[in-house]
Amino acid sequence: MAFGLIIIGDEILSGRRIDKHFPKVLELLSQRGLQLAWAEYVGDDPARITATLKRTLASDDVVFCTGGIGATPDDHTRQCAAAALGVPLVLHPEAKAKIQERISDTAREAGVTPNFDAPDNLHRLKMGEFPQGAAIIPNPYNKIPGFSLSNTSGTGAHHFAPGFPVMAWPMFEWVLETQYADQFHRHAWAERSMLVFEAMESTLTPLMEAIEAKYPLVKVFSLPHVGDEKIRRHIDLGVKGDPEQVGPAFEMMQEGLRQLHAEFEIAA
24 MAFGLIIIGD EILSGRRIDK HFPKVLELLS QRGLQLAWAE YVGDDPARIT
74 ATLKRTLASD DVVFCTGGIG ATPDDHTRQC AAAALGVPLV LHPEAKAKIQ
124 ERISDTAREA GVTPNFDAPD NLHRLKMGEF PQGAAIIPNP YNKIPGFSLS
174 NTSGTGAHHF APGFPVMAWP MFEWVLETQY ADQFHRHAWA ERSMLVFEAM
224 ESTLTPLMEA IEAKYPLVKV FSLPHVGDEK IRRHIDLGVK GDPEQVGPAF
274 EMMQEGLRQL HAEFEIAA
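So that you can map any letter, position 79 of the sequence shown is 102 in the numbering used here, and since no number is skipped, the others follow by simple counting.
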């Protein structure tokens, strides 16, 4: 099962806000023995959002989406998800109840009687209009829910939450715990790495290829660093994957570096 992430919003692409969702989703997944397979950033362009969702909804992936599910003119995600599926937006009854709960809470805090027919409160109900067939995701912060959709492939799903981290993160965690607990820690995973100083990747490539050929359940990674005032030029070189193969593959890597007379330091 592959997990993906779509982050929607002009404010991220313009730099007005710094994205915090990517590292948090990585954390939520890794805590459960899961990995993020891909991520995409999309601006507030309806045609682009629709095209992106139409493509990803046709996949078998589990996709988390943040941003654009409000009811202001720059929020397009709900409408685009419906367009991608070719279904109408409908007011979800559970979402309506939760939004009206929120309206009542706000009125009570202000010491007034809630008027559900007031224009602003009727407009708030638009936040509960989801693509037909959606299920809601509870929002512990302010009760206004997100929503989930099944993929058109018949496998996988998309889970939509607001762009606010204080809302999105517990909502995504709820999705993981309630819908994907059977996937937690199903595959053992290990990673070992070292810093190889003043080396060229072209010199190390034959060794990397030999390791992957001998140990097919591991991947070799090579991350060059040009160096700075704190550390010399180096390559972050390592192996990751099946724990039973990571150990001997890492030993093979060290021995190969010794034969190349390369200077290296094993990472903590």
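All residues carry an ideal CB built from backbone N, CA and C; glycine is no exception. Only a predicted model underlies this, so the values are computations on that prediction, with no experimental measurement involved.
Inset, instruction - Please work out which residues of its chain come closer than 6 angstroms, Cβ to Cβ, to Pro69, disregarding the five sequence neighbours upstream and downstream, and give them in chain order. - result: His99 and Cys103
Legend entry - Per-residue DSSP class, three states only, for Phe244: strand
Inset, instruction - Confirm, please, whether the CB-CB distance from Pro111 to Gln155 is below 8 angstroms. - result: yes
Legend entry - Three-way DSSP call (helix, strand, coil) for Lys47 in this model: helix
Inset, instruction - Report the three-state DSSP secondary structure of Arg256 (helix, strand or coil). - result: coil
Legend entry - Three-state secondary structure assigned by DSSP to Arg40: coil
Legend entry - Gly169: first and last residue of the uninterrupted beta strand (DSSP E) it sits in: Gly169 to Ser173
Legend entry - Alpha-carbon to alpha-carbon, Gly90 and Asp97: 10 angstroms
Inset, instruction - Report yes if the C-beta distance between Glu221 and Arg255 is below 8 angstroms; otherwise report no. - result: yes
Legend entry - Close beta carbons around Gln206, own chain, < 7 angstroms, minus the five adjacent residues each side: Met24 and Leu57
Legend entry - Three-state secondary structure assigned by DSSP to Ser216: strand
Legend entry - Under the three-state DSSP convention, the category Val189 falls into: helix
Inset, instruction - Check whether the Cβ atoms of Gly261 and Met231 lie closer than 8 angstroms to each other. - result: no
Legend entry - Span of the alpha helix (DSSP H) around Pro142: Pro142 to Arg147
Legend entry - Bridge partner(s) assigned by DSSP for His182: Phe87 and Ser171
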